[in-house]
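**Q**
There are 2 protein chains.
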Amino acid sequence: MHMWHSAMAMLLQVEPLNEGSNWLWLAVGISVLALLTVFYFAQYVLRSDTGTEQMRTISDAIREGAEAFLRRQYKTIGILSIVLAILIFIGYKVSPRNAPLATKTVIAFLIGAACSGFAGFTGMYVSIRANIRTASAARTSLNRALQIALRGGAVTGLVVVAMSLLGVGLLFFFFGGLATPREVPYQVVGFGFGASFVALFAQLGGGIYTKAADVGADLVGKVEAGIPEDDPRNPAVIADLVGDNVGDCAGRGADLFESTAAENVGAMILGAALYPHFGLKGILFPLVARAFGLIASTVGVLIVRTDDKEDPMQALNRGYYVTTVLAMVGFAVAVHYLLRDNWWFLGSGIVGIVTAFLFVYITQYYTEYRYRPVATIAKASTTGPATNIIAGLAVGLETPALPVIVIGTALLLSYWFGLKAFEGTTIVGISDYAKGIYGTAIATMGMLSTAAYILAMDTFGPITDNAGGIIEMSNQPEEIRVKTDRLDAVGNTTKALTKGYAIGSAALAAFLLFSAYLDEVKEIVRGRMPAPEGTGSFAGFSFNSVNLASVPVFVGAMLGAMLVFLFSSLAIRAVGKAAQYIIEEVRRQFRENPGIMQGTAKPNYGSCVDIVTTAALKQMVLPGILAVGLPIAVGVIFRYFTGFHVAGGVPMINGQPINLIGAESVASFLMVATITGILLATMMNNGGGAWDNAKKFIETGQYGGKRSDAHKAAVVGDTVGDPFKDTAGPSLHVLIKLLSTITLVMAPLFV
Amino acid sequence: MHMWHSAMAMLLQVEPLNEGSNWLWLAVGISVLALLTVFYFAQYVLRSDTGTEQMRTISDAIREGAEAFLRRQYKTIGILSIVLAILIFIGYKVSPRNAPLATKTVIAFLIGAACSGFAGFTGMYVSIRANIRTASAARTSLNRALQIALRGGAVTGLVVVAMSLLGVGLLFFFFGGLATPREVPYQVVGFGFGASFVALFAQLGGGIYTKAADVGADLVGKVEAGIPEDDPRNPAVIADLVGDNVGDCAGRGADLFESTAAENVGAMILGAALYPHFGLKGILFPLVARAFGLIASTVGVLIVRTDDKEDPMQALNRGYYVTTVLAMVGFAVAVHYLLRDNWWFLGSGIVGIVTAFLFVYITQYYTEYRYRPVATIAKASTTGPATNIIAGLAVGLETPALPVIVIGTALLLSYWFGLKAFEGTTIVGISDYAKGIYGTAIATMGMLSTAAYILAMDTFGPITDNAGGIIEMSNQPEEIRVKTDRLDAVGNTTKALTKGYAIGSAALAAFLLFSAYLDEVKEIVRGRMPAPEGTGSFAGFSFNSVNLASVPVFVGAMLGAMLVFLFSSLAIRAVGKAAQYIIEEVRRQFRENPGIMQGTAKPNYGSCVDIVTTAALKQMVLPGILAVGLPIAVGVIFRYFTGFHVAGGVPMINGQPINLIGAESVASFLMVATITGILLATMMNNGGGAWDNAKKFIETGQYGGKRSDAHKAAVVGDTVGDPFKDTAGPSLHVLIKLLSTITLVMAPLFV
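So the protein sequences, as listed, match chains A and B.
Position one of the first sequence corresponds to residue 4 (my numbering), numbered consecutively onward.
Position one of the second sequence corresponds to residue 4 (my numbering), numbered consecutively onward.
This is the structure we're talking about:
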């Protein structure tokens with residue numbers, strides 16, 4: 004141990020127990036290294052064979068469609084970001100007390116937005132090129148196909164986590180974090196908000212696109228024209244394949260970019276509260292732990308290999324286990340060097356890891372047909388679509404129960420570990436609350452330490468899905484289809500697991516983020532008040548109260564829950580509207596060009612891609628603006644409900660009351676929106692997944708198999724589940740994180 | 004004014020400004036008078052003609068089925084009540100500090116349960132006899148049919164409100180409320196809990212019964228055998244008609260019995276907090292205002308008459324307007340005599356009335372096909388069941404938005420009126436919070452003052468529905484069917500409106516009830532602590548904090564929201580399971596007795612009624628136990644999370660910390676469960692109603708009319724909506740009120 008210790012110290016060229024600024028450079032260095040690895044993985048993918056001419060034609064169409072969508076989407080998001088940046092700037096400038104922070108906040112916001120965009124773009128750039136190469140490799144070696152798909156996915160995974168780490172690390176440095184470490188974390192929150200803002204629109208736009216194309220293609224192709232899925236005669240088929248990339252790949256990438264960015268910032272803010280004990284190291288711990296997680300994930304990706312016999316899922320799981328173990332080792336090293344060997348914190352980290360595992364397991368239980376829930380839905384399909392839907396909704400409504408219990412236990416346990424970690428030490432200026440909350444923050448870090456690997460597995464999904472589509476459309480022999488189908492099935496599983504993981508981490512991160520919000524409000528108030536006479540400290544004041552018994556706070560909570568329902572409604576309706584355009588276009592093509600159905604004329608794929616692109620971008624704006632506008636409106640309006648506080652609820656500094664009712668109402672808005680969001684998103688993700696697999700179960704020959712009445716009923720359920728699990732559900736993950744960061748950034752307006 | 008004042012005083016034989024015990028007798032007297040009116044209405048109905056022999060056969064079958072169900076249901080509920088009563092008794096007795104209250108609480112609980120049962124039984128006794136008389140009257144006069152149905156419904160309405168008033172009033176008296184008015188309201192809470200407990204099972208059991216019978220009859224009759232609705236060849240048709248009575252009539256009656264009982268008790272507790280200002284009169288105000296509302300409702304019912312040309316809905320609306328105006332006058336009189344002419348409180352009352360109106364209007368917007376929401380669902384039906392379901396879910400998720408805004412505004416406004424009412428007066432021992440909350444309590448009273456009339460309109464629904472069924476099954480001429488169809492259509496509207504009203508009042512009452520809970524906890528703590536030295540008062544202690552920033556409190560909130568989802572899941576699944584039994588039984592009868600379908604043999608209606616009775620009663624137990632058990636478990640377990648409080652969050656008496664973390668976690672459990680419950684129930688009620696009416700809209704000839712593909716799709720939506728709007732949604736109203744009363748009663752276990 005001692006040798007390793009010295010070697011590490013030499014490597015860093017620092018004294019082992021110095022104030023720790025070198026740890027910042029270590030984290031930054033590792034993220035740069037990760038970006039180099041990304042370059043290597045990208046080269047590995049791009050060097051591979053691109054198959055036949057016919058395959059390239061299809062792949063090119065997908066690539067062009069996806070790139071066109073991303074270009075136009077980023078343009079729209081860019082405009083919205085600039086508008087918002089101006090609004091933030093004005094909002095900060097009007098009050099002389101916030102004015103000094105205006106520029107830093109806007110810069111952080113724009114950099115966060117740009118990094119998220121860059122990460123999404125790079126990830127998708129490689130994914131839409133990896134699909135054809137995976138397809139081509141499947142013609143010779145399953146192992147090679149698996150490796151191309153996973154390494155293609157790893158580009159997204161690594162670039163997302165590395166960019167968020169690099170962004171936060173460098174902003175911390177340039178904003179002077181090494182000189183004034185306790186203040187700078189608050190100034191970096193704009194980065195998280197920029198990331199969430201882009202993530203919201205990326206996930207919404209991508210989610211609407213993918214399901215509008217899917218539902219539209221299915222309804223008019225399978226139902227009206229009676230042609231199979233992925234049939235090249237369907238003009239919407241390319242739009243459908245494009246959708247897999249922009250929704251699952253770019254969307255989920257933005258989602259997890261946002262998670263890691265916001266969690267980095269939030270944990271640093273909480274670390275700042277522990278400054279008297281850990282110094283700079285407590286603030287840098289999240290970055291270092293995350294950096295070690297990057298290394299762990301890279302190793303995990305590199306060791307994955309399989310042969311033609313093994314279930315590819317086992318190979319991916321091996322990689323996951325290795326990543327997990329290495330991440331834990333890295334965590335232990337970070338605790339050793341940065342948190343003074345306080346092993347209670349490792350306990351918190353392990354709580355996070357176990358939470359991730361349990362979420363993965365619970366998601367499987369509710370979405371795989373080996374278990375009761377999916378089996379009930381399949382059985383209910385025999386009495387028609389109505390009972391299929393009723394059974395699916397019953398399963399969906401049941402699914403949040405276990406995840407809520409897991410999250411609740413994880414929060415309580417990690418909080419307790421945080422308290423235990425400081426037991427016996429008496430440190431002036433650190434509250435018990437700050438100690439416990441730091442424990443929950445570390446659990447979140449534990450949960451997110453494997454994020455890059457999980458994301459690689461997730462992006463594996465759309466790549467193999469697309470590979471299957473390319474094989475199908477280019478009429479390859481049956482034996483190759485079997486291979487890509489095996490990979491595709493694994494991809495479906497990994498996509499479902501990632502959604503469970505994303506929501507679990509969002510839930511855990513949310514508590515961390517609103518603790519950071521409370522801290523932020525406290526700092527704002529302290530900054531504004533004249534220093535108390537004599538003492539020069541504000542020991543008497545802290546803002547830890549979000550009192551639901553207060554009427555405005557309760558009303559804020561109701562509005563938060565309402566936002567979640569209304570946002571979901573808008574997202575689902577957007578899919579319906581956008582799908583309508585596709586349906587009309589496909590009908591038009593079939594009508595005007597009868598050669599398409601006879602296979603003598605090529606359909607116009609491009610027009611479908613164009614139409615769904617325009618429609619999805621148009622439809623994402625309203626829910627997006629609602630999500631951003633409502634919390635700000637609550638905070639600004641509820642400030643005027645002074646005198647509505649409960650008795651003794653008005654905080655005082657120097658005997659002077661402070662009006663925090665706006666800030667408090669926003670906090671309850673945020674917390675109850677988060678709770679409702681977790682429940683509704685879990686219901687939608689798992690309910691949708693269960694419907695999907697009930698259909699697949701029947702397709703294996705149960706209850707009459709394909710083309711039976713039960714199958715028709717199950718198809719209805721699957722179609723209903725689509726906007727649940729791929730649009731509204733995932734958008735809700737992002738929504739709840741956006742609410743956390745928006746309130747952090749806008750806090751000065753609420754006080 | 005002065006003359007009226009003196010006349011009133013003479014009538015009551017009291018001095019105008021005495022301590023007010025005579026007001027108690029006035030309220031009790033009016034409720035006895037209301038019960039006499041019930042007797043008159045019942046006589047009016049029972050005296051009427053019972054039609055032909057064939058009609059009587061059908062009606063007898065419905066009556067027997069409903070009575071058999073009610074008998075068995077009450078037996079089950081009776082056993083559960085006794086078990087719970089024993090548990091409450093033991094729970095109170097184990098702690099020496101609660102022991103003195105054990106007997107009173109158990110007595111109040113059992114009387115509440117018995118009153119609720121009696122009210123439900125009487126209401127249904129008349130309803131299932133009014134149906135055939137309405138049908139018979141429809142053969143000669145629409146006015147007479149309308150009056151029989153409404154007065155039959157008024158039996159339920161008046162008996163429910165009068166029994167809850169009488170029960171609370173007499174318990175208050177017998178528990179010594181005139182001697183110790185500040186303590187006794189807390190001892191009456193058991194009455195509210197008894198009422199909620201019965202209501203939960205009545206609504207759950209009735210809701211499961213009605214929808215299992217409906218879904219079962221439809222699936223096997225309409226879909227499999229291809230016979231129309233209400234066809235006498237369908238063995239489940241009587242069970243279906245029985246269901247309307249046990250679900251809509253007995254279930255909703257129990258629901259509103261619970262609302263008025265719990266609201267009476269809750270408002271009295273809050274009135275106790277204002278004792279220094281208003282004395283006994285502030286505590287009795289809720290009872291007096293409710294009593295005046297009873298008179299207003301009776302007059303409203305009596306003036307309703309129509310002719311053969313007018314839309315019967317207009318006649319019912321006239322009665323509603325008269326009731327509303329009279330209730331407001333009664334409210335003003337009560338404010339004048341009991342609240343010292345403080346007209347701000349009348350303002351709060353008007354807020355409640357306006358809230359009721361807005362809820363009725365919003366419900367219409369979302370469920371009538373004149374407006375956008377239903378029209379979208381109907382249009383979406385043209386592309387099949389999947390798009391119908393997606394559109395319906397989008398509408399459902401949208402529906403809570405406006406109600407939440409209305410409730411939020413009503414709470415803030417009535418709270419502000421409460422503060423205003425005391426402006427300028429300085430009263431020792433009354434906090435601003437108590438003043439404001441009393442304002443919200445009065446708004447709730449305003450909303451509930453027309454409850455008896457609303458309930459009469461609601462029960463009108465199943466009576467006319469049944470009347471239509473009897474006319475249909477006894478092959479009456481077309482012109483009579485047209486008349487009963489007109490009444491039936493009105494009944495559908497009134498049923499939907501009542502659900503909106505019930506949830507609005509539940510939402511408003513909920514805030515009142517958890518304020519009462521906080522007060523109750525405060526009193527428990529004060530009762531247990533030794534009186535502070537010297538002062539003899541606990542001025543330094545109040546329990547007004549439900550701090551979501553505290554981890555256990557947040558976890559409690561998550562669990563509360565989870566309960567709502569899980570409970571809904573269980574309720575919906577129960578319908579599916581119970582329907583399965585019906586389907587199998589009907590299939591068996593068709594198979595074993597082919598004469599049924601040919602019309603040569605009579606099906607065995609009784610066996611279907613038996614089977615669904617057994618199934619519904621069995622299925623109601625699990626969700627019921629979950630609803631009762633989880634909040635108690637949270638309160639008892641979370642007591643052990645001491646040390647998890649936020650800084651400064653531990654309340655002190657005489658420098659001694661008090662462990663309130665259990666009580667606080669239960670409070671947030673309750674509040675967030677309430678918020679989630681309101682949202683989910685609104686979504687389910689209105690979504691279900693919208694699906695139903697989208698089908699009816701298509702049946703008017705839109706999109707191809709009956710038997711078109713669009714209609715088939717709309718039937719799927721309607722079937723999915725059934726357990727939403729008639730089982731899970733209404734059961735959620737009761738659930739959230741049950742949570743309020745259960746925490747009130749069990750509070751001593753959480754501290």
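Just so it is clear, CB atoms sit at the ideal spot from N, CA and C, and this is done for glycine as well.
Just so you know, these numbers come straight off a predicted model, no measurement behind them.
(1) Thinking C-alpha only, which one of ALA198/A, ARG74/A, GLY296/A and VAL192/A is nearest LYS107/A?
(2) Grab me the residues of GLY449/B's own chain with a C-beta within less than 6 Å of its C-beta, minus the 5 sequence neighbours each way, in chain order.
(3) Over what stretch of residues does the alpha helix (DSSP H) that includes THR679/A continue unbroken?
(4) Here's a check: name, in chain order, each residue in its chain whose Cβ is nearer than 6 Å to the Cβ of TYR368/B, leaving out the five neighbours to either side.
(5) Check distances from the C-beta atoms of the stretch 549 to 569 of chain B to those of chain A and list, in chain order, the residues that come in under 7 Å.
(6) Going along chain B in order, which residues have a C-beta closer than 7 Å to the C-beta of GLU401/A?
(7) Bridge partners for ASN607/B per DSSP, in chain order?
(8) Report the CB separation of ALA152/A from ILE466/A in whole angstroms; it is logged as a contact under 8 Å.
(9) How long is the line joining the alpha carbons of SER553/A and SER417/B, rounded to whole angstroms?
(10) Does the Cβ-Cβ distance between ALA182/A and ASP522/A come in under 9 Å?
(11) Check SER550/A in the structure and name its three-state DSSP category.
(12) Any beta-carbon of chain C closer than 9 Å to the one on ALA383/B?
(13) Does the beta carbon of ALA394/A sit closer than 9 Å to a beta carbon anywhere in chain B?
(14) Our contact map puts LEU741/B next to ALA684/B with C-beta atoms below 8 Å; I'd like the distance itself, whole angstroms only.
(15) Thinking PHE568/B and PRO403/A are a contact (beta carbons under 8 Å), I'd like their distance in whole angstroms, please.
(16) Which bits of chain A does ARG576/B rub up against, with CB to CB less than 7 Å?
(17) What's the gap between the Cα of TYR47/B and the Cα of ALA574/A?
(18) So, does the stretch 700 to 716 of chain B touch the stretch 235 to 244 of chain B, judging by three or more C-beta pairs under 8 Å?
(19) Could one say the Cβ of TRP419/A lies closer than 9 Å to chain B's Cβ atoms, at least one of them?
(20) Relative to the C-alpha of THR453/B, which candidate in ILE392/B, THR326/B and THR501/B has its C-alpha closest?
(21) To the nearest angstrom, how far is the alpha carbon of LEU319/B from that of ARG154/B?
(22) Could you give the distance in angstroms between the alpha-carbon of ILE474/B and the alpha-carbon of THR462/B?
(23) Within 10 angstroms of its Cβ, does SER668/A collect 16 or more other Cβ (buried), or is it exposed?
(24) With distance defined between alpha-carbon atoms, name the residue in LYS699/B, ILE135/B and LEU73/B nearest to GLU56/B.
(25) With 9 Å set as the bound, which would you pick, yes or no: does the beta-carbon of THR538/B sit closer than that to a beta-carbon of chain A?
(26) If you draw a straight line from the alpha carbon of THR301/A to that of ALA37/A, how long is it in whole angstroms?
(27) I'd like to know whether the C-beta of ASN547/A is nearer than 9 Å to at least one C-beta of chain B.
(28) Please compile the residues from chain B whose C-beta is within a distance smaller than 7 Å of the C-beta of VAL723/A.
(29) Shortest alpha-carbon distance to LYS728/A belongs to which of TRP419/A, VAL407/A, LEU500/A and PHE176/A?
(30) Taking the continuous alpha helix (DSSP H) assigned at SER199/B, which residues delimit it?
(31) Going along chain A, which residues have a C-beta under 7 Å from ILE678/B?
(32) For chain A, check one thing: does any of its Cβ atoms lie closer than 9 Å to the Cβ of PHE44/B?
(33) Where THR53/B and ALA157/B are concerned, what is the direct C-alpha to C-alpha distance, given to the nearest angstrom?
(34) At a CB-CB cut-off below 8 Å, which residues of chain B make contact with GLY646/A?
(35) Can the beta-carbon of GLY120/B be found less than 9 Å from the beta-carbon of THR159/B?
(36) So, does the CB of LEU515/A fall closer than 9 Å to a CB anywhere in chain B?
**A** Checking against the coordinates, here is how it stands:
(1) Looking at the Cα atoms, VAL192/A is the closest of the given residues.
(2) The answer, listed in chain order, is GLY352, GLY355 and ILE356.
(3) Start and end: 664 to 702.
(4) Within the same chain, TYR368/B has close Cβ partners TYR374.
(5) Here the close residues are VAL549, ASN550, LEU551, ALA552, VAL554, PRO555, PHE557, VAL558, ALA560, MET561, LEU562, ALA564, MET565, PHE568 and LEU569.
(6) Here the neighbours are LEU569 and SER572.
(7) Answer is none; ASN607/B lacks a bridge partner.
(8) Taking 8 Å as the upper bound for CB-CB distance, ALA152/A and ILE466/A are in contact here, some 5 Å apart.
(9) The straight-line gap from Cα to Cα measures roughly 14 Å.
(10) No. Outside cutoff.
(11) Here residue 550/A is Asn; the residue named in the question, Ser, does not match the sequence. Residue state for ASN550/A is assigned as strand, using DSSP reduced to three classes.
(12) No chain C appears in this structure, whose protein chains are A and B.
(13) Yes, ALA394/A lies at the interface with chain B (some Cβ there is under 9 Å from its Cβ).
(14) Wrong, their Cβ atoms sit about 13 Å apart, outside the cutoff.
(15) Cβ atoms of PHE568/B and PRO403/A come within 8 Å of each other, at about 5 Å.
(16) Neighbours of ARG576/B on chain A, chain order: ALA397.
(17) Answer to the nearest angstrom: the Cα atoms are 54 Å apart.
(18) Output reads no: the stretch 235 to 244 of chain B does not touch the stretch 700 to 716 of chain B.
(19) It does: the Cβ of TRP419/A has a partner Cβ on chain B nearer than 9 Å.
(20) Comparing Cα-Cα distances from THR453/B to each of ILE392/B, THR326/B and THR501/B, the minimum goes to THR326/B.
(21) Looking at the two C-alpha atoms, the distance is approximately 12 Å.
(22) So the two alpha carbons sit approximately 19 Å from each other.
(23) Answer is buried; the Cβ neighbour count reaches 16.
(24) Checked all of LYS699/B, ILE135/B and LEU73/B; the closest Cα to GLU56/B is ILE135/B.
(25) In this prediction, THR538/B has a pLDDT of 46, which is less than 50 and means its spatial position is unreliable; what the coordinates show is noted afterwards. Taking Cβ atoms only, chain A never reaches closer than 9 Å to THR538/B, which makes this a no.
(26) Taking the straight line joining both Cα atoms gives about 8 Å.
(27) Yes - at least one Cβ of chain B is within 9 Å of the one on ASN547/A.
(28) The answer, in chain order, is ALA389, ILE392 and ILE393.
(29) Minimum Cα distance to LYS728/A is reached at LEU500/A.
(30) Looking at the DSSP string, the run of the alpha helix (DSSP H) that includes SER199/B is 192 to 220.
(31) Neighbours of ILE678/B in chain A, taken as residues at a C-beta separation under 7 Å, are given in chain order as ALA560, MET561, ALA564 and VAL675.
(32) False, the Cβ-Cβ gap to chain A never drops below 9 Å.
(33) If you take the alpha carbons of THR53/B and ALA157/B, they lie about 19 Å apart.
(34) Residues of chain B with a Cβ closer than 8 Å to the Cβ of GLY646/A are, in chain order, LEU422 and ASP435.
(35) Taking C-beta atoms as the reference points, GLY120/B and THR159/B fail to come closer than 9 Å.
(36) No, no contact with chain B.
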